[in-house]
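The sequence shown begins at 906 in our numbering and counts up by one.
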Amino acid sequence: MKKTKFLAFAAIAAAALAAAGCGSEDPATAADSIVVSSAWTKAAESGMTGAFAELENTGDHAVQIVSVSSPVSSRTELHEMAPAADGAMAMREMDGGLTVAAGSRHSLAPGGDHLMLMDLIEPVTPGTDIEFTLTFSDGSSIDFTSQVRDFAGARENYVPNAEEGANHGG
């Protein structure tokens, strides 16, 4: 009888431990859900430039990036391409940040969403690395490194035009 009770108790304990192990292990913070890869920045002597990367949300919930910073720029923003008043596509700061859906990837790419380094403090030269910090709506943050490259593609113009002035359309 004692052996039967012991086996029943052991089976219940094993089942409880197995159930606990099957639970969803949600990341503690939004930053724990994001993996940054293939990060690079377009070389520039002064003014402004763009940075690009692949963002992967490995978590079960959408995460929202609300800001970005870098020590090489006095102002860094999340930018998107959107239709301007004349119908042409123009860069502008994202309103409310960037949401990365659960279990998905989001590309920051030339001609699309990107990180905008404005008012460069120093030249951004090919072959060097730049540090970035992404901050999320829950207050968590993640640091990553971006390699600087020469890039002439996609014909981006990271110099504000007369309408944009120093705010670059922001």
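All residues carry an ideal CB built from backbone N, CA and C; glycine is no exception.
For residue i and residue j, what's the separation of their Cα atoms in angstroms?
i, j, result
"Glu1114", "His984", "The chain is shown only over 906 to 1075; residue 1114 falls outside these bounds and no answer can be derived."
"Thr1040", "Val971", "6 Å"
"Met1023", "Ala933", "32 Å"
"Gly952", "Ser975", "14 Å"
"His1044", "Ala936", "First, the amino acid is wrong: residue 1044 is Gly here, not His. Cα to Cα, the separation comes out at about 9 Å."
"Glu961", "Asp1048", "14 Å"
"Leu1013", "Ser943", "10 Å"
"Ala948", "Val968", "29 Å"
"Val1053", "Ala956", "9 Å"
"Met996", "Ser979", "19 Å"
"Asp848", "Val973", "The question about residue 848 has no answer here: the residues shown for the chain are numbered 906 through 1075."
"Ser1042", "Pro1028", "31 Å"
"Thr1038", "Ala1057", "26 Å"
"Cys927", "Ser1046", "With a pLDDT of 47 at Cys927, under the threshold of 50, the modelled position of this residue cannot be trusted, and the question is left open."
"Ala924", "Val941", "Low confidence applies here, because Ala924 scores a pLDDT of 45, under 50, leaving its location unreliable; read the following figure in that light. Computed Cα separation, rounded: 32 Å."
"Gly1016", "Ala990", "18 Å"
"Pro1031", "His966", "36 Å"
"Ala987", "Asp1018", "10 Å"
"Phe911", "Thr963", "Low per-residue confidence applies at Phe911: pLDDT is 45, beneath 50, and the placement is therefore not dependable, though the value from the model is reported in the following sentence. Distance between the alpha carbons of Phe911 and Thr963: 41 Å."
"Arg1010", "Leu1003", "12 Å"
For residue i, is the classification buried or exposed, using 16 other Cβ atoms within 10 angstroms of its Cβ as the cut-off for buried?
i, result
"Ala958", "buried"
"Val977", "buried"
"Glu950", "exposed"
"Met994", "exposed"
"Ser1051", "buried"
"Thr981", "buried"
"Ile1026", "exposed"
Determine which residues share a DSSP beta bridge with residue i and list them.
i, result
"Glu998", "His984"
"Ile970", "Leu1003 and Phe1041"
"Asp1048", "Thr1038"
"Ser951", "BP columns for Ser951 are empty, so no partner."
"Val941", "Leu960"
Would you give the residue range spanned by the alpha helix (DSSP H) that residue i belongs to?
i, result
"Ala993", "Where Ala993 is concerned, there is no enclosing alpha helix (DSSP H), given that its DSSP letter is neither H nor E."
"Ala936", "Ala935 to Ser938"
State the start and end residues of the unbroken beta strand (DSSP E) segment that holds residue i.
i, result
"Ala1057", "Neither: Ala1057 is in no beta strand (DSSP E) and is coded neither H nor E."
"Glu961", "Thr954 to Asn962"
"Asp1024", "His1019 to Leu1025"
"Ser1012", "Arg1010 to Leu1013"
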